[in-house]
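Encoded as structure tokens, the structure appears first; notes follow it.
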Amino acid sequence: GGKVKFWEILNDAGVKLGYTSLYSKASLPVWLLMIVAHLGLLVGRVTGKSFKLTPFVVKMLIIDRWFSIERAQAHLGYEPIYDFDTAWSKTIDWFKDNREFLERCATKTSKNKVFTKSKNV
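In our numbering, each residue carries its 1-based index in the sequence shown increased by 111.
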């Protein structure tokens with residue numbers, strides 16, 4: 112029941128499913144993203160338009176997120192059927208075997224793609 116970092120495990124799943132690693136994409140310093148986000152708010156107030164990059168979005172992207180079942184174990188006596196690595200592997204295998212489900216989800220959210228399909232798959 113230890114902690115598992117959200118973006119690392121999500122990236123691992125994406126790569127195993129044939130998508131490009133999140134870490135291979137270009138990244139910008141947080142201070143620059145915050146400046147752009149605040150400028151976007153200012154421009155939005157003047158023009159009446161809204162932008163997807165806001166200070167809140169930047170904060171949500173950089174906060175430390177992780178999965179943990181420690182509280183469920185401590186307070187509810189929960190014990191998982193599988194350890195995390197086994198369950199995660201089974202989950203990825205399910206998505207590999209049910210690609211049409213993943214593709215339907217990707218089609219519905221194509222405007223907000225996180226992963227892009229790798230050319231090697």
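Glycine residues also receive a C-beta, built at the ideal position from the N, C-alpha and C atoms.
| For residue 60, is the classification buried or exposed, using 16 other Cβ atoms within 10 angstroms of its Cβ as the cut-off for buried? | A question about residue 60 goes unanswered here, because the residues of the chain that appear run from 112 up to 232.
*Taking residue 117 as the reference, which of 161, 175, 180 has the closest Cα?*
Of the candidates 161, 175, 180, the residue whose Cα lies closest to the Cα of residue 117 is 175.
Buried versus exposed, by CB contacts within 10 Å (16 or more), residue 188
For residue 188, the number of other beta carbons within 10 angstroms of its own is below 16, and it is reported as exposed.
key: Chain-order list of residues whose beta-carbon lies under 6 Å from that of residue 86 (same chain, five-residue window excluded)   = As displayed, the chain neither begins before 112 nor continues past 232, which places residue 86 out of reach and without an answer.
*asked:* Taking only three categories from DSSP, how would you classify residue 178?
replied: Strand at residue 178.
- request: Quick one: using the 10 Å Cβ neighbour count with 16 as the cut-off for buried, is residue 232 buried or exposed?
  value: Low per-residue confidence applies at residue 232: pLDDT is 48, beneath 50, and the placement is therefore not dependable, though the value from the model is reported in the following sentence. With fewer than 16 Cβ atoms within 10 Å of its Cβ, residue 232 is classed as exposed.
Item to complete: Kindly indicate which residue of 168, 169, 173, 195 has the alpha-carbon position closest to the one of residue 181.
Response: For the residues 168, 169, 173, 195, the minimum Cα distance to residue 181 belongs to 195.
Quickly, what does DSSP pair residue 126 with across the bridge? List them, please.
Looking at the DSSP assignment, residue 126 forms no beta bridge with any residue, so it has no partner.
Using DSSP with H/G/I as helix, E/B as strand and the rest coil, what is residue 163? In the structure shown, residue 163 sits in coil (DSSP, three-state: anything other than H, G, I, E or B).
Open item on the list: Distance check for residue 113 and residue 183, CA to CA, integer angstroms please.
Closed with: In a straight line, the C-alpha of residue 183 is about 12 Å away from that of residue 113.
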